[in-house]
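Since the structure comes first, as structure tokens, the remarks are kept for the end.
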Amino acid sequence: HGITEAFVVCHEAVGLVLEGPQHLLGRNVVIDPLITCGFCDNCVKGKPQLCGSRKDMGYGADGVAAELLVVPESRTYLMSENLASPTGVLVHGLAAVLHSLSKVLVDDIPKTAAVYGPGPAGLMFAIRLKELGVDVTLVGRNSWRLDLAQELGIRVARIGRSEEKEISTELVIETTGSS
Numbered sequence: 308h309g310i311t312e313a314f315v316v317c318h319e320a321v322g323l324v325l326e327g328p329q330h331l332l333g334r335n336v337v338i339d340p341l342i343t344c345g346f347c348d349n350c351v352k353g354k355p356q357l358c359g360s361r362k363d364m365g366y367g368a369d370g371v372a373a374e375l376l377v378v379p380e381s382r383t384y385l386m387s388e389n390l391a392s393p394t395g396v397l398v399h400g401l402a403a404v405l406h407s408l409s410k411v412l413v414d415d416i417p418k419t420a421a422v423y424g425p426g427p428a429g430l431m432f433a434i435r436l437k438e439l440g441v442d443v444t445l446v447g448r449n450s451w452r453l454d455l456a457q458e459l460g461i462r463v464a465r466i467g468r469s470e471e472k473e474i475s476t477e478l479v480i481e482t483t484g485s486s
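Take our numbering: the final residue in the sequence shown is number 486, and no numbers are missing along the way.
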């Protein structure tokens, strides 16, 4: 990411509101880690993810791995009381997956898809595509996440261990990351 200074890491979090608006006090919120200017054309049009001065907490700005954190109310989303905090941490990632699929699956749903990278995002993509009736293959190195995918009925291809040399598919999603 080209960062040369020390900073606080992590970007997905759930927090208990200790100070702030009365309706949020004592409630758990999901924190949106996006930091934007709020006034450029993209921000005004409701597309803050395209802001030219965008930063993400944990990437280019201090993250959420702190005992206390100050976050604008506009970057918080009230959690259902039925959702446990550890599960709530996945809300931001799931929202990104669902948003991405809403942009890709505009006209029709493909019959086949390959998702590269069995991390949390890759698993969420594969699970959602399977729910939509797509014949999906999750591709990655040998990992317990691939085992989990198989238990969920998702086909897996283990890099370096698969009998299949190539995968023919209508849709490819890459979630292997940059590290």
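Each residue gets a CB set at the ideal place from its N, CA and C atoms; glycine is no exception.
Keep in mind the model is a prediction, meaning the values are calculated, not measured.
Item, Value
"Alpha carbon to alpha carbon, what distance is there between Ser475 and Leu405?", "24 Å"
"Along the chain, where does the alpha helix (DSSP H) containing Val398 start, and where does it finish?", "398-411"
"Could you say which of Val378, Asn349, Ala428, Gly353 lies nearest to Ser407 if we only look at CA atoms?", "Ala428"
"Between the alpha carbons of Val479 and Asn349, how many angstroms are there, rounded?", "28 Å"
"Could you give the uninterrupted runs of the beta strand (DSSP E) lying entirely in the region 315-363, keeping only those of 3 residues or more?", "320-323, 335-338"
"Can we say the region 372-383 touches the region 408-418, given the rule of at least three CB pairs closer than 8 Å?", "no"
"Is the CB-CB distance between Arg465 and Arg448 below 8 Å?", "yes"
"Measuring from the CB of Leu390, is there a heavy atom of the ligand PLP at a distance below 7 Å?", "Summarising the ligand content, the structure contains no ligands, and the ligand PLP is consequently not present."
"Cutting at 7 Å between CB atoms, please list the residues of its own chain near Gly395, excluding the five before and the five after it.", "Val321, Asn335, Val337, Met386"
"How would you label Ala433, buried or exposed, when you count the other beta carbons within 10 angstroms and need 16 or more for buried?", "buried"
"Could you round the C-beta distance between Val446 and Val422 to whole angstroms and report it? I think they count as a contact, below 8 Å.", "7 Å"
"By DSSP's criteria, Ile461 is part of a beta bridge. Which residues make up the other side?", "DSSP lists no partner for Ile461."
"Rounded to whole angstroms, what is the Cα-Cα separation between Cys317 and Gly365?", "5 Å"
"Could you name the residues of the same chain whose beta carbon sits closer than 7 Å to that of Leu459, not counting the 5 residues immediately before and after it, in chain order?", "Ile434"
"If you compare alpha carbons, which of Met431, Val463, Ala456 is closest to Ala402?", "Met431"
"Which value, in whole angstroms, describes the spacing of the CA atoms of Leu341 and Lys362?", "6 Å"
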